[in-house]
Amino acid sequence: MDITFKETNLLDEKQVGLLYRDANWTSYTEDMPRLMNAIKSSLMVITAWEHGKLIGLVRVVGDGLTIIYFQDLLVLESCRNRGIGSKLLKLVLEQYKDVRQTVLLTDESEEVRSFYEKNGFSSCDKGDLVAFAKFNKNKV
0 MDITFKETNL LDEKQVGLLY RDANWTSYTE DMPRLMNAIK SSLMVITAWE HGKLIGLVRV
60 VGDGLTIIYF QDLLVLESCR NRGIGSKLLK LVLEQYKDVR QTVLLTDESE EVRSFYEKNG
120 FSSCDKGDLV AFAKFNKNKV
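Here numbering that gives the first Met the number 0 is used: the first residue of the sequence shown is 0, the next is one more, and so on.
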């Protein structure tokens, strides 16, 4: 795997747009300036690169001391199942190993569930935790 991982929030809008569109995250790509500002304002952003092309990204928000939220984790569909997403998660978790609470919300699918469980996450529907979310219906 000839992939380079970099911590940076200064990214090319075109490459970011391609990555998010590949994931069909159109609510993000409809307002690219807002997405780019969100990336710049994140607690941590780690990117994955292959031959100068952005192929993966993890974006974390929170205070970095007591809680972090995995906001976005994307890997180009053509690059999946190569350990890139797991490596991005691992890099963040190593950086914030002393944080008490690590949270993420994601879509339900067997593939997604399997990926996060393989990486040490527990679903709130299997245990002592409960999750709540409120979405702005105009922005989802």
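Positions of the beta carbon are idealized from the N, C-alpha and C atoms, including for glycine.
{"Asked": "Residue 87 vs residue 72 beta-carbon contact at 8 Å", "Found": "yes"}
{"Asked": "Contact the segment 78 to 92 vs the segment 27 to 40: 3+ CB pairs below 8 Å", "Found": "no"}
{"Asked": "Host beta strand (DSSP E) of residue 2 (start-end)", "Found": "Run containing residue 2: none; DSSP gives neither H nor E here."}
{"Asked": "Reference residue 4, options 55, 10, 116, 104, closest by Cα", "Found": "55"}
{"Asked": "Beta-carbon proximity of residue 70 to residue 41, cut-off 8 Å", "Found": "yes"}
{"Asked": "6 Å CB neighbourhood of residue 101 in its chain, flanking five on each side removed", "Found": "67"}
{"Asked": "Closest Cα partner of residue 47 within the set 29, 18, 61", "Found": "18"}
{"Asked": "Cβ-based neighbour list, residue 44, same chain, cut-off 8 Å, excluding 5 preceding and 5 following", "Found": "6, 7, 8, 10, 38, 56, 57, 58, 59"}
{"Asked": "First through last residue of the beta strand (DSSP E) which encompasses residue 17", "Found": "Segment 12 to 21 is the alpha helix (DSSP H) holding residue 17; no beta strand (DSSP E) there."}
{"Asked": "Selected residue, minimal CA-CA separation from residue 2, among 118, 50, 93", "Found": "50"}
{"Asked": "Which residues DSSP lists as bridging residue 6, in chain order", "Found": "45"}
{"Asked": "C-alpha distance - residue 23 paired with residue 123, whole-angstrom precision", "Found": "25 Å"}
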